[in-house]
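Worksheet for the structure shown next.
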Amino acid sequence: MPPRDARAESIAAAVNAWFADAARPLPWRAADISPWAVLVSEFMLQQTQVARVVPLWEAWLARWPSPADLAASPPAEAVRAWDRLGYPRRALWLHEAAVEITERHGGEVPADLDALLSLKGVGPYTARAVAAFAFGLRHPVVDTNTRRVLARAVAGQAEPGPPATARDLAAMEALLPVDPDAAHVFNAGAMELGATVCTAASPRCGDCPIAALCAWRAAGYPEYDGPRKARQAPFAGSDREARGLVMAELRRAHHPVTRAELAAIVTDAARLGRAVAGLVADGLAVEEAGGLRLPDA
DNA sequence: AATACGTGGAA
DNA sequence: TTTCCAAGTAT
């Protein structure tokens, strides 16, 4: 592991001390939480705010307390339970991951990074988050919050550059405490700091535990001059919106929905066509004689 | 490497 | 009201 200098140790110590007091009592942080519960939380939290996840996470685990429980239900039920969380492919992938865990891992969420990465819907972030938060293993965990904290505190820039997993992990590794328990806390604490204090739009530097160590602050808060992120395409009138409208109808109707019924919901025929074709290609919808429905298996 | 993928909270 | 963007992943 790379050498940790005194500055790195000071940053980690300050973040961990702050986190001990400032951590939000999120349900997946409770003691004795199962690896499956952590995995579900990480799927739901991908590109989705904490406040929207909590109630769905509670309901999901009450209904499917283990991977085998979810694997025994049809994917349609997973998609319905996902409700309006967004990116419903995640529900399908989580179901698929549950089947893989049940069939290939004896029903136990694996702790090994490569085994986690091989699960559908589990990428570099989620694999490390589960290994670290569910199993206490000492891996750097870097999400968008941590990327921003590292960009500011270490690189002295207002915003992180374009995602670069290897570089981001190396930057986190350089700060990560050697002790596994302290590393676990720092992984969670850096994310929490980015989520609640070192926020994207209006950082509250007056409340920041590492303000005195922050390179961005020391440099006088220079504006970001690197490559800008591509602007998100407008949602209104988009294919994404059409997919969402179709999925809402499929979740609601517990029977095949005809093309005529869908045409009343998405009036632009070309847009409807692209949405349906995409949903079928993604496995989120199935075409049959009577219309479109959620996948049974 | 760039793009598609949902929905809604917050300023 | 817009606009940004949020515990990313797959292709």
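Counting in the working numbering, the first sequence runs from 36 upward without gaps.
We put the beta carbon where it would ideally sit given N, CA and C, even for glycine.
Note that the structure is a prediction, hence the values are computed from the model and not measured.
For the putative contact between glycine 196 and glycine 261, defined by C-beta atoms under 8 Å, what is the C-beta separation to the nearest angstrom?
5 Å
Touching or not, the region 166-176 and the region 213-226, by the rule of three or more beta carbon pairs under 8 Å?
yes
Taking the alpha-carbon positions, what's the glutamine 267 to arginine 275 distance?
12 Å
Measure the CB-CB distance between aspartate 331 and alanine 47 and report whether it falls below 8 Å.
no
Threshold first: 4 residues or longer. Then list the alpha helix (DSSP H) segments lying entirely within the region 105-181, N to C.
Complete alpha helix (DSSP H) runs here, min 4: 110-117, 124-139, 148-152, 159-170.
By how many angstroms is the C-alpha of aspartate 178 removed from the C-alpha of isoleucine 353?
The first residue shown for the chain is 36 and the last is 332, placing residue 353 beyond what the model contains.
Are the beta-carbon atoms of valine 134 and proline 70 separated by less than 8 Å?
no
Closest to glutamate 93 by CA distance: which of Val73, Thr302, Pro123 is it?
Comparing alpha carbon positions, the residue from Val73, Thr302, Pro123 closest to glutamate 93 is Val73.
Going by Cα to Cα distance, which pick from Leu204, Ala150, Leu151 is closest to histidine 174?
A check of alpha carbon separations from histidine 174 across Leu204, Ala150, Leu151 identifies Leu204 as the nearest.
Note down, in chain order, each residue of its chain lying with its Cβ closer than 6 Å to the Cβ of tryptophan 99, except the 5 sequence neighbours on either side.
Leu105
Classify arginine 263 as helix, strand or coil using the three-state DSSP reduction.
coil
Just checking, does the region 150-157 make contact with the region 41-57 on the three C-beta pairs under 8 Å criterion?
no
Shortest alpha-carbon distance to arginine 417 belongs to which of Val292, Arg87, Tyr259, Leu280?
The chain is shown from 36 up to 332; residue 417 falls before or after that span and cannot be answered.
Could you please give the first and the last residue of the uninterrupted alpha helix (DSSP H) stretch that includes glutamate 44?
41-57
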